[in-house]
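Structure record follows, encoded as structure tokens.
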Amino acid sequence: MSIAPGILEEFRARGLLHQFTFADQPDWLSRQAVTMYAGFDPTADSLHIGHLLPALGLARLQRSGHRPIAVVGGGTGLIGDPSGKGSERPMLSRPEIEANTAGIAAQLRRLLDFEGDRGAVLVDNAEWLCRLGLVDFLRDIGKHFTVNTMVQRDSVQLRLATEQGISFTEFTYALLQAYDFLELFDRYGCRLQIGGSDQWGNILDGRELVRVLRGEEAHGLTQVLVTKSDGSKFGKSESGNVWLDPKRTSPYRFHQFWLNVDDADAVRYLKFFTFLTLEEIAGIETRHLADPARREAQRALADAVTGMIHGEEAVRSARRAAAVLFEGGDLRELSPSELEDSLSEAPRVSAPRADLGSPRLDLPSALVLAGLVRSKGEARTHIQNGAVAVNQRIEQDVRRILSAGDLLAGRYVLLRRGKKNYSLIELAD
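Here the sequence shown is numbered in my numbering, starting from 524 and rising by one per residue.
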């Protein structure tokens with residue numbers, strides 16, 4: 524594969540570029556095929572969307588003709604990166620780390636091309652870190668680092684300012700990450716590490732280790748840390764992290780996360796998290812600004828990222844479920860899995876299946892049970908005003924009784940008061 528020129532300019536044009544060490548030779552990435560790496564800590568068995576930027580950074584560079592290495596930190600994960608943490612991470616066992624590493628590896632294979640001469644490489648740094656002898660490591664590696672320099676790191680200063688402080692274990696994390704760069708240089712000729720801007724110091728350590736011990740040139744490149752337009756942290760929904768694993772975050776909720784980003788963030792995220800060209804994104808931005816209510820930028824973002832992570836069928840399913848829920852379609856058109864995914868975050872209560880068809884589940888009683896009203900009197904008022912729906916159909920009969928014919932997927936009834944207040948009644952045997 525030939526080397527595509529201008530990849531550094533593309534990073535800059537997309538707003539991704541933070542710092543890089545080859546400013547004196549800005550064509551460095553265009554002159555040669557470079558092997559580069561990014562690391563991923565296995566603190567869970569899935570990546571979340573906060574990990575997408577480094578993974579896509581590798582993918583962009585690969586598409587330009589370079590070779591990516593994805594390093595899953597099975598070894599460093601036993602220590603824990605103190606960067607950005609006010610307290611020490613819980614220590615995970617080796618079996619937990621190994622299970623998490625396997626889950627992350629499978630997800631990275633969806634984002635990188637592992638075929639051909641420039642195919643990606645996936646490695647676990649436990650392969651070399653867990654074999655290191657302590658005395659040899661301290662003698663051969665540790666002597667190249669000064670405590671004076673290490674304590675100036677923001678991550679260390681943050682922890683030194685707390686009552687807990689920082690353990691010697693976490694203090695050594697930077698040395699281990701620097702050793703990763705050296706090992707990858709020896710094994711694969713790796714000359715570039717990429718990461719978030721909070722990893723700049725660690726990257727410089729690895730670069731220096733390659734220079735001192737091998738007499739060779741190595742470089743670092745950092746991307747911006749993603750935030751929302753209001754400055755708050757990116758990557759969480761109301762229910763917590765947005766994961767790439769569909770068992771943790773369903774494709775429907777994943778799609779909804781991107782669909783609901785703020786107008787001020789949508790175009791920026793299209794540049795960060797998709798492979799749409801800058802020209803395509805400019806066209807989307809123009810149409811979005813002309814009619815923001817159509818949310819074209821958010822729709823393009825949700826479709827592109829969901830398709831990349833979960834496939835096009837997941838996109839179609841998520842769009843179908845959203846159309847039914849928010850545009851008045853028939854819930855019975857959804858498969859049981861689509862129904863459960865789309866309603867997974869709706870409040871829910873249980874009721875005995877035997878109550879179906881009895882006054883115990885007349886509509887006013889059901890609304891009280893579901894927590895949508897405080898009393899049957901209030902329920903009757905909302906029903907008569909046309910503000911209550913059963914399975915998305917407006918009901919104005921205060922004597923209406925829920926029956927087996929109302930069940931969705933054989934077990935649910937969806938109640939709605941007003942436009943946005945939903946609750947699910949699950950009928951149990």
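Ideal placement from N, C-alpha and C gives every residue a C-beta, glycine not left out. What you are looking at is a predicted structure, and each value in this text was computed from that prediction instead of being measured.
As the crow flies, the alpha-carbon of F777 is around 31 angstroms from that of A649. Per the coordinates, the alpha-carbon of A789 lies some 15 angstroms from the alpha-carbon of L576.
Of the candidates I832, D853, A825 and M831, A825 places its Cα closest to the Cα of R842.
Residues of the same chain with a CB within less than 6 angstroms of the CB of G852, apart from the 5 flanking positions on each side, are A846 in chain order. Taking F637 as the centre and dropping the five residues before and after it, the same chain places the C-beta of A643 closer than 6 angstroms to its C-beta, in chain order. Each of A622, G880, S587 and G933 was checked against the Cα of G600, and the nearest Cα belongs to A622. The continuous alpha helix (DSSP H) containing Q779 extends over residues P774 to L782.
Under DSSP, no beta-bridge partner is assigned to T904.
Rounded to whole angstroms, the separation of the alpha carbons of N671 and E740 is 25 angstroms. Comparing alpha carbon positions, the residue from V921, F757 and G712 closest to V557 is G712. If you draw a straight line from the Cα of D550 to the Cα of G588, it is about 14 angstroms long. K751 and L812 have their alpha carbons spaced roughly 19 angstroms apart. For a cut-off of 8 angstroms, the C-beta gap from P815 to D785 is around 11 angstroms, too long to register as a contact. I592 counts as buried, since at least 16 other C-beta atoms from the protein chains shown sit within 10 angstroms of its C-beta.
Nearest to Q779 by alpha-carbon distance, out of R822, K794 and S755, is R822. Excluding its 5 nearest sequence neighbours in each direction, A912 has C-beta neighbours in its own chain below 6 angstroms: R939, listed in chain order. Of the candidates F660, P565, L631 and L645, P565 places its Cα closest to the Cα of R617. Boundaries for G538: no alpha helix (DSSP H) harbours it, and the DSSP string shows neither H nor E there. Taken in chain order, the complete alpha helix (DSSP H) segments of 4 residues or longer contained in the stretch 854 to 911 are 859 to 865, 886 to 892 and 899 to 907.
Taking the Cα positions, G597 is about 34 angstroms away from Q548.
In this structure, A820 lies away from E835, with their beta-carbon atoms at least 8 angstroms apart.
Residue state for T745 is assigned as strand, using DSSP reduced to three classes. A distance below 8 angstroms separates the beta carbons of L705 and V733. Boundaries of the alpha helix (DSSP H) around N725: W723 to R737.
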